[in-house]
Amino acid sequence: MTLPDYLRVLRDRWLVVLALVVVGGLAAGASWHLRPPEYTATVTMYVSAQTTDTASAAYQGAQLSEQRVTSYIEVINSDLLREDVVRALRSDDLGRISAESAPDSVLIRVSVTHPSPERAAAVANAVGTVVPRLVDDLERPASTDAIAPVSVRTVKPAAVPVAPSSIGLPVTLAVGLLGGLALGIGAALARNALDRSVTDLDQLRLLTGAPNLGTIAYDGGVPKRPLTVHEDEQSPRREAFRTLRTNLRFVDVDNPRSVIVVTSAVAGEGKTTTTANLGIALASAGHRVVLVEADLRRPKLSETLGLDNAVGVTSVLSGDLRVDQVIQHGPGGIHLLSSGPLPPNPSEILASQQMAALIAELRERYDTVLIDTPPVLPVTDAAAVASATDGAILVCRHRSTTSDQVTSARAALRSASAALLGTVFTMAPRSGPLAYQQYRGYARTDQERAAASARRPAPGGVPRVSLPVPAAALDDEQVGGSRNNGAPWPQPTPRPR
Ligand SMILES: Nc1ncnc2c1ncn2[C@@H]1O[C@H](COP(=O)(O)OP(=O)(O)OP(=O)(O)O)[C@@H](O)[C@H]1O
Ligand SMILES: [Mg+2]
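So for the sequence shown, my numbering puts the first residue at 883; every next one is plus one.
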């Protein structure tokens, strides 16, 4: 991975990083709050030899003193000293005692760390009193009147410390935040390494062998307002669906595809929202468009369009109603053939000859037929319908659909002899390489369009008129007039393969 790849991973997973930075900061703050500040008092002692009569004796004595320093430090750090200090102070609340000395030095610095500054100074001074006695006891030869060759003196007693020696809140917080940042970066990279979801267009192209026809950004307002008809003409979402419409036209210019299945590998990837808005984008360009709600398990298209699904596909297939009796007019000039009553055997219904005949009839009546289906991996419905159409669009949800799911969906469509026209990447991030933000402000305003249209003479000198929305070939009154009220389902005739 190169540096830009690392940066991309961190940008994509900034939430994990931020969460761990916050956790690190909070943990540091809490630990600082729970641990009282500590004070350190220091006493300095000097080690010297007792025999300094001649120059050589003084030299040997100095060497002896330096050699002894290391041993005295060990004694000071041992329980031996603690016991003597406890006895001297009549308290075992000593805090932490540690001794150190610079190399080749005969000075020993003993530090005592304690939550109370007074106590720290008292213990340090007690150490300063106890250590010379202890050394004297240890060094004194067996005969009682002999003097010890080396002695220790306190040269600088401990003063009561004024400022705490433990690290302050700013440093503690900085350590916590940096620790959290390091953990966050590690977690983000680890998650990225384990992540099998599809995150970029090249990956999607490689997995499907089909072009990407469009990328639709994530928009938190979509669940409440799924249709682009409610948005500005130049809104990024409308522009994204216009791009999808344009790209669809160029999939195979020699063989224009007019009956298209919209499916995905698994549930909730944005099929229905894509079908509805692609239909609206096509209708706004003057196409006669019908949307077919062929999800006979969890139909959502009619609800998304604000229409009824009491009668529709199954009403026609059961022979109760004709197509023109169940077609509804939807927003943006689209027509809808809703699901109708849900059958117990959706796969068989959708694979039937009657369904193929219905699709053929719609093909005759409309420029484009968009069929919204269930996901292709859990059920065979989409593959069954797709084989009677001009091809399928595979909707993939950014950072959700896994590469294995895409590959399996591709295989399922292929085994049903359905052509894969291309993919649509949904719920992609608003910024970054996948963003469609480059279109923001790119579309012309309505006024600009009108002005441009007025300036340009129409071919043959005929005055320009706006394209009519497809004629309403069907009678609204008839919609919903007849229902299949629990009538037994006719046995569908399987389509010859
Ligand atoms: N671009 C988007 N940004 C944010 N949310 C979206 C977007 N597109 C779709 N959604 C939301 O994602 C959810 C699933 O969308 P949709 O119903 O279109 O998916 P689906 O593939 O048809 O699902 P199902 O498999 O259940 O039929 C819905 O709540 C929808 O509002
Ligand atoms: Mg759906």
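Even glycine gets a Cβ: it sits at the ideal position worked out from N, Cα and C. Note that the structure is a prediction, hence the values are computed from the model and not measured.
query	result
Per DSSP, which one or two residues make a beta bridge with L1219?	V1174
Please check the pair V1144 and D1249, which I expect to be a contact at CB under 8 Å, by giving their CB distance rounded to whole angstroms.	Actually they do not touch by this definition, with Cβ atoms about 16 Å apart.
Taking C-alpha atoms, which residue in A1003, A1030, V1057 lies nearest to K1038?	A1003
Once the 5 residues before and after S1140 are set aside, which same chain residues still bring their CB inside 8 Å of it?	R1245, Y1248, D1249, T1250, V1251, D1272
Quick one: residues in its chain with C-beta nearer than 7 Å to the C-beta of P1228, no 5 flanking neighbours on either side, listed in chain order?	L1178, R1179, D1263
Are the CB atoms of S1184 and S1234 within a distance shorter than 9 Å?	no
Would you say the beta carbon of D838 comes nearer than 8 Å to a heavy atom of ligand 1?	Residue 838 cannot be examined here, being either before or after the span of the chain that is shown, 883 to 1379.
Quick check: what's the CA-CA separation for L900 versus L908?	12 Å
Would T926 pass as a contact of L989 if the rule is Cβ separation under 9 Å?	yes
Counting only the same chain and skipping the five closest in sequence on each side, list residues whose C-beta sits under 7 Å from that of T1157.	V1144, L1173, L1183, L1252, D1254
With a threshold of 8 Å (Cβ to nearest heavy atom), would K1106 be considered close to ligand 2?	no
Pick out whichever of T1054, S1033, A1008 has its Cα sitting closest to the Cα of L1020.	S1033
Between the Cα of A1165 and the Cα atoms of P1311, D1202, H1211, which residue gives the shortest distance?	H1211
Using the rule of at least 16 other Cβ atoms within 10 Å of the residue's Cβ for burial, across every protein chain shown, is Q1287 buried or exposed?	buried
From P1226, R991, N1137, I1241, pick the residue whose C-alpha is nearest to that of L1175; which is it?	Correcting the residue type first, residue 1175 is Glu in the shown sequence and not Leu. Among P1226, R991, N1137, I1241, the Cα nearest to that of E1175 belongs to I1241.
Taking the alpha helix (DSSP H) that P1246 falls in, what are its first and last residues?	It should be pointed out that residue 1246 corresponds to Glu in this sequence rather than to Pro. Residues 1235 to 1247.
Per DSSP, K1038 is paired with what?	T926
Roughly how many angstroms separate the alpha carbons of S1117 and S1282, rounded to a whole number?	25 Å
Return yes when the Cβ of L976 is within less than 9 Å of the Cβ of V994, no when it is not.	yes
Which residue's Cα is closest to the Cα of C1278: D1114, Q1085, N1159?	Q1085
Please report the straight-line C-alpha distance between R890 and N1007, rounded to a whole angstrom.	59 Å
Tell me whether E1185 sits in a helix, a strand or coil according to DSSP, three-state version.	helix
Nearest-angstrom Cα distance between V1009 and T922?	14 Å
Go ahead and pull the three-state DSSP assignment for R991.	strand
Can you tell me whether DSSP reads F1307 as helix, strand or coil?	strand
Does the beta carbon of I1098 fall short of 8 Å from some heavy atom of ligand 1?	yes
Beta carbon of L1160: closer than 8 Å to some heavy atom of ligand 2?	no
Using DSSP's beta-bridge definition, name the partner residues of E982.	R991
Here's the rule: buried if 16 or more other CB atoms are within 10 angstroms of the residue's CB, otherwise exposed. What is H915?	exposed
Just to confirm before moving on: does the CB-CB distance between P1046 and P919 stay below 9 Å?	yes
Grab the span of the alpha helix (DSSP H) containing T1196 for me, first residue to last.	1195 to 1199
Helix, strand or coil for L1302? Go by DSSP, reduced to three states.	strand
List the residues that DSSP assigns as beta-bridge partners of T1097.	F1307
Going by the C-beta, is P886 closer than 8 Å to any heavy atom of ligand 2?	no
Give a single yes or no on whether P1256 has its beta carbon closer than 8 Å to a heavy atom of ligand 2.	yes
With a threshold of 8 Å, establish whether the CB of T1283 neighbours any heavy atom of ligand 2.	no
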